[in-house]
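Visitor: Chains as they are written, first to last, in the working numbering: chain A, 1 to 106; chain B, 107 to 311.
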Amino acid sequence: MTQAPQPVFEAPWHAQAFALAVHLNEKGAFAWPDWAEVFGVVLAEHGLTKELDGGDDYFLAWIDALERICTRKNLAEAEALAGLKAQWERAYLNTPHGDPVRIDAG
Amino acid sequence: MPHDHHDHDDDHALLPPDPALRVKALETLLTRKGLIDPAALDEIIETYAHKVGPRNGAQVVAKAWSDPAFKERLLDDATSVCADLGFYGRQGEHLVAVENTAEQHNIVVCTLCSCYPWPLLGIPPGWYKSDAYRARVVREPRAVLADFGVQLPDGQAVRVWDSTAEIRYLVIPQRPEGTDGLDEAALADLVTRDSMIGCGLANTP
Chain A
1 MTQAPQPVFE APWHAQAFAL AVHLNEKGAF AWPDWAEVFG VVLAEHGLTK
51 ELDGGDDYFL AWIDALERIC TRKNLAEAEA LAGLKAQWER AYLNTPHGDP
101 VRIDAG
Chain B
107 MPHDHHDHDD DHALLPPDPA LRVKALETLL TRKGLIDPAA LDEIIETYAH
157 KVGPRNGAQV VAKAWSDPAF KERLLDDATS VCADLGFYGR QGEHLVAVEN
207 TAEQHNIVVC TLCSCYPWPL LGIPPGWYKS DAYRARVVRE PRAVLADFGV
257 QLPDGQAVRV WDSTAEIRYL VIPQRPEGTD GLDEAALADL VTRDSMIGCG
307 LANTP
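(1) Under 8 Å: do the stretch 241-251 of chain B and the stretch 190-199 of chain B share three or more Cβ pairs, one atom per stretch?
(2) Do Asn309 of chain B and Leu296 of chain B have their C-beta atoms closer together than 8 Å?
(3) Check each candidate in B:Asp289, B:Leu135, B:Gly287 and B:Gln262 and name the one with the smallest Cα separation from Gly83 of chain A.
(4) Classify Glu79 of chain A as helix, strand or coil using the three-state DSSP reduction.
(5) Classify His23 of chain A: buried if its beta carbon has 16 or more other beta carbons within 10 angstroms, exposed otherwise.
(6) I need the DSSP call for Trp224 of chain B, collapsed to helix, strand or coil.
(7) Is the distance from the Cβ of Phe176 of chain B to the Cβ of Ala184 of chain B below 8 Å?
(8) Just to confirm, is the Cβ distance from Pro230 of chain B to Phe59 of chain A under 8 Å?
(9) Please report whether the beta-carbon of Ala146 of chain B lies at a distance below 8 Å from any beta-carbon of chain A.
(10) Determine, using beta carbons only, whether Val243 of chain B and Leu307 of chain B come nearer to each other than 8 Å.
(11) Return no unless some Cβ of chain A is closer than 8 Å to the Cβ of Glu133 of chain B.
(12) Answer with yes or no whether the minimum CB distance from Ile229 of chain B to chain A is below 8 Å.
(13) Helix, strand or coil, according to DSSP, for Glu149 of chain B in the structure here?
(14) Ignore the nearest five residues each way along the sequence and tell me which others in Lys235 of chain B's own chain have a CB closer than 7 Å to its CB.
(15) Which residues of the stretch 86-99 of chain A have a Cβ closer than 9 Å to any Cβ of chain B? Give them in chain order.
(16) Quick check: the Cα distance between Ile275 of chain B and Glu178 of chain B, rounded to an integer number of angstroms?
(17) Please determine if the stretch 139-148 of chain B and the stretch 30-37 of chain A are in contact, where contact requires at least 3 C-beta pairs separated by less than 8 Å.
(18) If you measure beta-carbon to beta-carbon, which residues of the stretch 224-251 of chain B are closer than 8 Å to chain A?
Put into C-alpha cells, the structure is as follows:
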C-alpha cells in the first residue's frame with residue numbers, strides 16, 4: 001500500500017447520515033431495497049440539475065432520501081423536523097464557544 | 107493572531123452546515139420516539155470508519171489466488187464462503203465473485219445508487235458514487251479504465267456488472283506475474299481496493 005488512506009467519511013454529518021440509514025434499516029424501519037429505491041430516485045432528481053461528484057452532494061441526496069422515507073413511513077413529520085432544526089440552529093448560536101450544545105427535551 | 111471578525115462569530119459555538127443540522131433534527135426526533143439508539147449510531151460509524159475496509163476483500167482474493175479449491179467455492183457461492191471467513195453482515199448478504207481472466211476483465215458499478223460489498227470493501231470511495239463514473243462506465247468502460255491508468259489488451263473483453271440492493275460483486279483480479287513464492291499475507295498486500303472493483307489491476311511485487 002503506497003497511498004495514504006483516505007478518510008472514509010469526509011465530514012461528520014456524512015457519517016451520521018450514513019449511520020442513521022443503516023441503523024433504521026437494522027431496526028426494521030425499512031428494508032434496504034426500499035431505501036435503495038428512494039435514494040436512487042433522489043439521486044436521479046438531483047442529477048438533473050448538476051453532475052453529482054459523489055462527495056457532499058451525494059450525502060445531501062442521502063439526507064433528502066432519509067427525510068423522504070421517514071416521512072412516508074410516518075416515522076418523522078416534516079414540521080417536527082423543521083422545528084428541531086431551527087432549535088438546533090438557535091442552540092448553536094446561543095451557546096458559548098466551548099460549551100456543549102444542547103436543546104431542551106421536547 | 108489576525109482578528110478581523112465584525113460580528114460575534116467567536117463568541118458562540120461553531121454553527122454546523124445546514125445538512126448537519128437536518129441530520130441532527132432527524133436524530134433527535136427519532137431518538138425521542140424511541141426508534142433509534144444513539145449509541146448504535148456511534149458504533150456503526152466507528153465500524154466503517156476504522157474497522158471494515160478493503161483489507162478484508164484483499165484477504166479473500168489472496169486466498170483465492172493461493173487455493174484453487176477455495177476459488178472454485180468462492181465463484182460458486184461467495185456469500186457463504188466469505189461468511190465463513192467472518193466477512194458478512196450489512197450489504198454482504200448476496201455476494202457474487204467474478205474472476206478476471208485473460209479473456210475477460212470485470213468492472214463493477216451501481217447505476218441506481220451506490221450498492222457496494224461493505225463487508226469486503228468498506229464504504230465506497232467518492233468517485234464510485236459520482237454521476238460521472240456511474241453513467242460512463244456502462245457506456246465506455248475502456249475509456250473509464252484508461253482514466254484509472256488501466257490499458258487492457260484488445261483481445262480482453264470487458265464486462266460491466268451493475269450492482270443492486272440484492273446483489274453485490276467482488277472482482278477477483280488476475281494474479282500478477284512473479285508472485286509464485288508469495289504467501290497469502292504477501293499476496294494480500296498486492297490487492298488494491300480499485301482492483302476489486304475492476305478499475306485497477308493488482309500491484310506487482
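C-beta: ideal position from N, C-alpha, C; glycine also.
Guide: Checking against the coordinates, here is how it stands:
(1) no
(2) Contact check for Asn309 of chain B against Leu296 of chain B passes: the beta carbons are separated by less than 8 Å.
(3) B:Leu135
(4) helix
(5) Buried is the call here.
(6) helix
(7) no
(8) no
(9) yes
(10) no
(11) yes
(12) yes
(13) Here Glu149 of chain B sits in helix by DSSP.
(14) The residues are Ser220.
(15) Contacts with chain B (Cβ-Cβ distance below 9 Å) from the stretch 86-99 of chain A involve Ala86, Gln87, Trp88, Glu89, Ala91, Tyr92, Leu93, Asn94, Thr95, Pro96, His97, Gly98 and Asp99, listed in chain order.
(16) Sequence check: residue 275 of chain B is Tyr here, not Ile. The straight-line gap from Cα to Cα measures roughly 16 Å.
(17) no
(18) Gly228, Ile229, Pro231, Gly232, Trp233, Tyr234, Lys235, Ser236, Asp237, Ala238 and Tyr239
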